[in-house]
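The structure appears below as structure tokens.
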Amino acid sequence: MAETSLFEKCPGTIEEWTDAASKGELLAVSPKDYTDHKHGSKITQPQFIVLRTLVQSAGPESFDPILFDLENDIERARPLLQDSAAFKSYLDAVRSNSGRAEDHFSAASMFQFEVIDDHEGPLQPRDEELGKRAVSASVICLLLAICSNFSDMTSNTLCRFSRIDLVAKFGSGKGSGFIASTSGQVQDKSRSWWIKAPVYCTSNERQVYGPVIDMREAALLVAWMKEYPGYPDPKRRILISQNGIELYLTFALCGDDWMTSYVEEGNTEVNDDSFMTMHRYGPWLINNAEHMEELAAIMLAISF
Numbered sequence: 001m002a003e004t005s006l007f008e009k010c011p012g013t014i015e016e017w018t019d020a021a022s023k024g025e026l027l028a029v030s031p032k033d034y035t036d037h038k039h040g041s042k043i044t045q046p047q048f049i050v051l052r053t054l055v056q057s058a059g060p061e062s063f064d065p066i067l068f069d070l071e072n073d074i075e076r077a078r079p080l081l082q083d084s085a086a087f088k089s090y091l092d093a094v095r096s097n098s099g100r101a102e103d104h105f106s107a108a109s110m111f112q113f114e115v116i117d118d119h120e121g122p123l124q125p126r127d128e129e130l131g132k133r134a135v136s137a138s139v140i141c142l143l144l145a146i147c148s149n150f151s152d153m154t155s156n157t158l159c160r161f162s163r164i165d166l167v168a169k170f171g172s173g174k175g176s177g178f179i180a181s182t183s184g185q186v187q188d189k190s191r192s193w194w195i196k197a198p199v200y201c202t203s204n205e206r207q208v209y210g211p212v213i214d215m216r217e218a219a220l221l222v223a224w225m226k227e228y229p230g231y232p233d234p235k236r237r238i239l240i241s242q243n244g245i246e247l248y249l250t251f252a253l254c255g256d257d258w259m260t261s262y263v264e265e266g267n268t269e270v271n272d273d274s275f276m277t278m279h280r281y282g283p284w285l286i287n288n289a290e291h292m293e294e295l296a297a298i299m300l301a302i303s304f
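Numbering (the UniProt record's numbering), first residue to last: 1 to 304.
See below:
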């Protein structure tokens with residue numbers, strides 16, 4: 001039996017969430033009450049609504065580092081990148097679409113060239129498993145290059161290809177929790193490899209999937225916060241995504257009551273503080289040198 005659609009795009013306001021929750025009779029259902037949680041890759045609309053997550057999207061030009069306390073770190077990052085010969089060669093490779101950057105950026109450039117080549121022509125669904133390998137390698141190698149090239153500033157940061165399964169448990173018994181898997185992650189060596197920022201990738205651009213990618217990313221963020229409640233910040237998390245040739249940054253901000261009162265205790269009162277809001281910015285395009293110069297500064301700032 002087909003699932004009843006509660007929304008065409010993920011709710012971005014409390015009013016939109018309330019409409020969808022009312023339609024699904026989920027207004028008074030917390031994650032502890034819900035007993036049909038599925039793996040993050042198969043998250044349903046009712047499960048997403050129960051996670052009380054709002055999704056707000058904006059273009060890259062709307063990103064304001066001051067809102068996320070990154071302005072000083074980005075100002076530190078920009079001159080480091082501008083003075084790097086390897087990074088300059090990377091930007092030249094993006095402009096010429098040659099896939100031939102130098103030193104630490106060589107692998108990132110090659111994988112980005114492969115992804116761009118695969119995505120020439122009209123937008124169309126591509127094989128998820130075959131295409132995702134190159135996409136994942138593209139973004140992880142870029143993060144590795146950024147961290148490796150400035151190792152004196154990022155000595156405790158490492159970017160890994162390995163997938164990590166994060167577990168969100170809300171009770172006992174079947175369907176009382178779920179697993180969500182990363183495509184890689186930025187990790188902190190000084191904190192026993194705790195995750196600083198997960199990476200999530202798909203072979204296709206976001207518009208191919210509709211709201212599904214936002215829903216999967218919400219599940220990943222919730223599972224990450226459940227497993228690592230205090231690190232790197234109890235109420236703010238950053239997710240890095242690559243979907244085809246598009247890169248996105250999502251900054252998740254949690255209301256004061258969302259984790260403790262709603263998720264943990266099951267208090268279903270609806271108020272401004274009982275939601276997590278995903279602020280998604282992008283896309284930055286991997287075939288646009290200006291986009292990649294801007295995004296690299298943000299990525300380096302995140303890795304400090």
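Backbone N, C-alpha and C define an ideal beta-carbon position, used for all residues, glycine too.
Alpha-carbon to alpha-carbon, residue j and residue i
i: Val115; j: Leu27; result: 42 Å
i: Arg163; j: Val94; result: 28 Å
i: Ser261; j: Lys32; result: 11 Å
i: Pro11; j: Asp188; result: 33 Å
i: Met1; j: Thr44; result: At Met1 the pLDDT is 45, less than 50, meaning the model places this residue with poor confidence and gives no usable figure here.
i: Asp19; j: Asp257; result: 21 Å
i: Ala301; j: Thr277; result: 22 Å
i: Glu205; j: Leu6; result: 23 Å
i: Phe275; j: Asp92; result: 43 Å
i: Glu102; j: Ser241; result: 24 Å
i: Ser303; j: Phe48; result: 29 Å
i: Ala107; j: Ile286; result: 14 Å
i: Gly244; j: Tyr228; result: 29 Å
i: Arg76; j: Ile213; result: 32 Å
i: residue 307; j: Leu249; result: Any answer about residue 307 is impossible in this case: the structure gives the chain only from 1 up to 304.
i: Phe68; j: Ser62; result: 13 Å
i: Glu15; j: Lys23; result: 12 Å
i: Trp193; j: Trp17; result: 35 Å
i: Ile179; j: Lys42; result: 10 Å
i: residue 310; j: Trp284; result: This structure does not reach residue 310, given that the chain is present from 1 up to 304, and the question cannot be answered.
i: Gly131; j: His119; result: 10 Å
i: Ala289; j: Arg78; result: 14 Å
i: Thr268; j: Lys226; result: 18 Å
i: Pro46; j: Ala21; result: 8 Å
i: Gly230; j: Gly173; result: 26 Å
i: Ser155; j: Val270; result: 43 Å
i: Glu264; j: Gly171; result: 10 Å
i: Phe251; j: Ile74; result: 16 Å
i: Leu221; j: Asp165; result: 12 Å
i: Met259; j: Ile195; result: 19 Å
Anticipated Cβ contact below 8 Å, residue i with residue j, distance rounded
i: Pro60; j: Glu294; result: 7 Å
i: Ile238; j: Ala197; result: 5 Å
i: Thr4; j: Gly175; result: Rounded, the Cβ-Cβ distance is 18 Å, inconsistent with contact.
i: Leu70; j: Ile298; result: 7 Å
i: Cys201; j: Ser183; result: 4 Å
CB of residue i within 8 Å of CB of residue j, strictly
i: Val135; j: Ser203; result: yes
i: Arg216; j: Gly99; result: no
i: Leu253; j: Arg236; result: yes
i: Phe111; j: Ala137; result: yes
i: Leu54; j: Thr13; result: yes
i: Gln185; j: Val208; result: no
i: Val167; j: Ala219; result: no
i: Gly282; j: Glu246; result: yes
i: Ser89; j: Phe113; result: no
i: Gly177; j: His37; result: yes
i: Leu81; j: Met153; result: no
i: Cys147; j: Thr157; result: yes
i: Lys255; j: Asp272; result: A quick correction: the sequence has Gly, not Lys, at residue 255. Taking 8 Å as the Cβ cut-off, Gly255 and Asp272 qualify as a contacting pair.
i: Asn149; j: Ser109; result: no
i: Gly266; j: Ser30; result: yes
Residue i - containing beta strand (DSSP E), residue span
i: Thr277; result: 276-285
i: Asp165; result: 165-169
i: Ala180; result: 177-181
Closer than 7 Å: residue i CB and nearest the ligand SAH heavy atom
i: Leu253; result: With respect to small molecules bound, the structure shown includes none, and the ligand SAH cannot be examined in it.
Minimum Cβ-Cβ distance from residue i to chain D less than 8 Å
i: Asp19; result: Absence of chain D from the displayed structure is noted, only one protein chain being present.
Continuous alpha helix (DSSP H) stretch holding residue i: start and end
i: Ile238; result: Run containing Ile238: none in the alpha helix (DSSP H); it sits in the beta strand (DSSP E), 236-243.
i: Phe111; result: 106-118
i: Ala289; result: 289-303
i: Phe87; result: 85-96
i: Ala252; result: Looking at the DSSP string, Ala252 is not in any alpha helix (DSSP H); the run it does join, the beta strand (DSSP E), is 246-254.
i: Ala101; result: From DSSP, Ala101 is part of no alpha helix (DSSP H); its letter is neither H nor E.
i: Lys23; result: 14-23
i: Pro65; result: Careful: Pro65 lies outside any alpha helix (DSSP H) and carries neither H nor E.
i: Pro79; result: 71-82
Scan the stretch 186-234 and note each continuous beta strand (DSSP E) run of 3 residues or more that stays entirely inside, going in chain order.
-> The stretch 186-234 contains these whole beta strand (DSSP E) runs: 194-202.
Starting from the N-terminal side, write out each stretch of the alpha helix (DSSP H) that is 4 residues or longer and does not extend beyond the stretch 25-62.
-> Segments of the alpha helix (DSSP H) lying fully in the stretch 25-62: 45-50.
Where in the stretch 125-156 do unbroken runs of the alpha helix (DSSP H), each at least 4 residues long, occur, reported from the N-terminal end onward?
-> Qualifying alpha helix (DSSP H) stretches, in chain order: 128-149.
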